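Protein chains in written order, with the working numbering: chain A, 1 to 425; chain B, 426 to 585. First comes the structure, then the notes that go with it.
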Ligand SMILES: Cc1ncc(COP(=O)(O)O)c(C=O)c1O
């Protein structure tokens with residue numbers, strides 16, 4: 001099942017992206033509790049197109065060997081596939097060089113890498129790390145540890161009543177002690193898109209480094225690390241049509257070279273003696289041990305798949321879906337929506353709560369109709385506390401979701417709310 | 426209507442207890458205090474118990490917290506079921522409830538109100554909601570030191 005040729009993808013509003021791509025995703029054929037699956041939990045992880053499954057299957061059937069460790073044919077092919085994927089990923093985010101693309105297990109590991117390697121060796125008592133209140137736990141816990149060990153302080157950018165990052169407040173937090181700004185480009189709870197290019201420029205004026213959590217942006221919209229001018233960028237393969245077990249850290253070359261290694265072992269060395277060692281150049285310095293080769297190959301195929309479609313196209317499609325979803329959901333009595341109300345200022349996800357109905361109960365009702373949404377705190381407990389809500393429900397879309405699915409979701413949601421209001425009134 | 430097969434899960438008793446719990450609050454004085462939570466969803470139950478002077482019997486039990494209909498109704502029904510019981514009797518009820526969640530037998534006459542929760546066993550992802558309060562109760566009763574401050578949470582996840 002090949003991807004449709006590039007030429008068929010033009011920004012055209014009469015053209016429905018989902019109709020073109022749905023058949024690429026075998027799992028979308030599933031029935032759940034007797035209903036066609038409506039998968040609206042894409043912010044947690046995306047589904048995988050056949051092209052990705054086939055690339056991994058082909059790798060294991062035909063090229064499997066360890067990388068960088070043999071002179072035999074298979075090892076050479078495995079190495080080419082592994083490094084070839086790195087080149088694709090570099091092009092995908094417009095990194096100047098594939099050397100600046102480090103494979104990790106996921107975005108969390110990528111952020112931990114920066115925290116342990118750069119954070120612990122570069123930060124001191126009194127230094128300041130600026131985060132935002134909307135950070136995922138993955139971009140919070142590692143910095144709590146760095147702060148505890150180094151004596152650095154954490155500062156948190158607040159959000160506006162609309163649920164967007166408060167730029168004025170951000171400006172007021174920056175000063176000569178600011179060493180790092182680590183923020184998410186798109187909030188996985190609020191759906192807001194942060195002005196990270198402007199934020200990076202402001203941080204650099206104070207000599208601070210900038211790490212962007214791009215977990216919710218890279219899969220859904222064009223991201224160009226040179227245009228953003230960030231110092232590091234982290235994302236996960238599994239949220240962008242790729243497999244689990246592979247994530248990416250982009251880092252500026254000179255910065256990565258100056259950072260000490262994170263994990264030690266095979267692959268990351270140059271010369272090893274009994275009592276010391278010298279290390280390989282980047283990116284391998286940060287890739288100790290046998291890496292996730294098949295997963296890297298799978299991510300390479302995912303990048304090919306998304307590139308052929310075009311990320312502008314994906315973003316435009318999601319905006320259409322989310323405009324309909326936002327509009328419809330606000331018509332249901334008793335629902336509170338978090339984040340910007342203007343769909344143009346949002347990514348393809350909406351978190352909401354329903355008066356007197358717990359998200360778990362709601363999620364069970366939707367699941368009964370084949371609809372998968374997320375219920376809970378979405379790894380943003382402090383943000384939920386900040387918004388004074390214990391937990392929320394979240395619907396998140398991707399390129400294969402349709403307007404018909406949005407309408408069905410809205411109908412079932414209204415019915416579920418009705419079921420509870422009737423029972424509880 | 427399409428949601429009809431959920432009536433087995435959301436029994437009227439569960440919805441009523443969720444809406445108007447009988448045992449919401451804190452006992453006074455507090456002899457045992459235990460907080461339980463499900464970290465992945467953030468639901469919490471704050472249990473307080475009052476014991477008789479010999480520390481053998483539960484005189485009163487109440488709960489506070491935030492959670493779904495299943496978690497809160499289960500806590501409320503639990504409080505009714507264990508009030509007046511000795512500690513070993515209450516621990517037996519905990520065992521029995523957790524067994525019912527794994528598909529085990531219903532409760533006999535005396536505690537049949539708890540059988541309203543039986544439908545949860547058909548929804549594997551919701552079992553931890555139903556077990557939350559029971560798990561906290563087990564901790565409260567088994568801790569060797571009578572705890573009154575109960576500031577630490579016990580996690581109900583990855584334990585069974
Ligand atoms: C904004 C954001 N940051 C970080 C993560 C963590 O990603 P992973 O669990 O793949 O490391 C996620 C996904 O859950 C996310 O949405």
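Backbone N, C-alpha and C fix where the C-beta goes; we use that ideal spot for every residue, glycine too. Since this is a predicted model, take the numbers as computed values, not measurements.
Rounded to the nearest whole angstrom, the CA to CA distance from residue 136/A to residue 483/B is 42 Å. For residue 440/B, the C-beta contacts it makes with chain A under 7 Å involve 423, 424, in order along the chain.
Per DSSP, the unbroken alpha helix (DSSP H) holding residue 421/A starts and ends at 403-424. For the segment 181-205 of chain A, the set of positions with a beta-carbon nearer than 7 Å to some beta-carbon of chain B is empty. In this structure residue 215/A is in contact with residue 107/A, their Cβ atoms being roughly 5 Å apart against a cut-off of 8 Å. Nearest Cα to residue 270/A within the set 60/A, 68/A, 41/A, 200/A: 68/A. Given a length threshold of 4 residues, each whole run of the alpha helix (DSSP H) inside the segment 505-571 of chain B is given here in chain order: 512-526, 552-567. As summarised for the segment 146-183 of chain A, the continuous beta strand (DSSP E) elements at least 3 residues long and confined to that stretch are 153-157, given in chain order. A Cβ-Cβ distance of about 14 Å is found for the pair residue 320/A and residue 350/A, leaving them out of contact under the 8 Å criterion. The shortest CA-to-CA distance from residue 223/A to any of 243/A, 209/A, 197/A is the one to 197/A. Here the segment 122-142 of chain A does not lie against the segment 81-98 of chain A, with fewer than 3 beta-carbon pairs under 8 Å apart. At a cut-off of 9 Å between beta-carbon atoms, residue 484/B makes no contact with chain A. By the 16-neighbour rule on beta-carbons within 10 angstroms, residue 164/A is buried. Checking the 8 Å criterion, the Cβ of residue 42/A is out of range of every heavy atom belonging to ligand 1.
When distances are taken from the beta-carbon of residue 239/A to the heavy atoms of ligand 1, the shortest one is below 8 Å.
Closer than 8 Å to some heavy atom of ligand 1: that describes the Cβ of residue 184/A. Within the same chain, Cβ atoms closer than 6 Å to the Cβ of residue 499/B are found at 542, 555, 558, the five residues on either side in sequence being excluded. Residue contact check for residue 461/B against chain A: no CB pair falls below 9 Å.
Taken atom to atom, the span from the alpha-carbon of residue 455/B to that of residue 443/B is near 24 Å. The count of Cβ pairs closer than 8 Å, one atom from the segment 506-516 of chain B and one from the segment 562-569 of chain B, reaches three, so the stretches are in contact. Chain order gives no chain B residues near residue 136/A, where near means a beta carbon separation below 9 Å; the closest approach is about 14 Å. In chain order, 343 place their CB closer than 6 Å to the CB of residue 323/A, counting only its own chain and leaving out the 5 sequence neighbours on each side.
Exclusion of residue 220/A from the 8 Å shell around ligand 1 follows from its C-beta lying no nearer than that to any non-hydrogen atom of the ligand. Under the three-state reduction of DSSP, residue 274/A is assigned to coil, being neither helix nor strand. Listed along chain B is no residue with a C-beta nearer than 7 Å to that of residue 23/A; the closest approach is about 27 Å. Exclusion of the five residues before and after residue 547/B leaves no residue of its chain whose Cβ lies closer than 6 Å to its Cβ. Scanning chain A for C-beta atoms nearer than 7 Å to the C-beta of residue 444/B yields 424, reported in chain order. When DSSP states are grouped into helix, strand and coil, residue 455/B belongs to the coil group.
Annotation: Cβ neighbours of residue 430/B in chain A (cutoff 9 Å, chain order): 33, 368.
Put simply, the CB of residue 488/B is far from chain A, with every gap to its CB atoms at 9 Å or more. Counting of Cβ neighbours within 10 angstroms places residue 247/A among the buried residues, the total reaching 16 or more. Close partners of residue 492/B in chain A (Cβ separation under 7 Å): 358. Residue burial annotation: residue 341/A is exposed, with fewer than 16 other C-beta atoms found within 10 angstroms of its C-beta.
The closest CA to that of residue 465/B, considering only 20/A, 148/A, 192/A, 377/A, is found on 377/A.
The shortest CA-to-CA distance from residue 306/A to any of 211/A, 237/A, 420/A is the one to 237/A. Sequence-ordered contacts of the segment 378-391 of chain A with chain B read 381, 384, 390, 391 [C-beta pairs closer than 8 Å].
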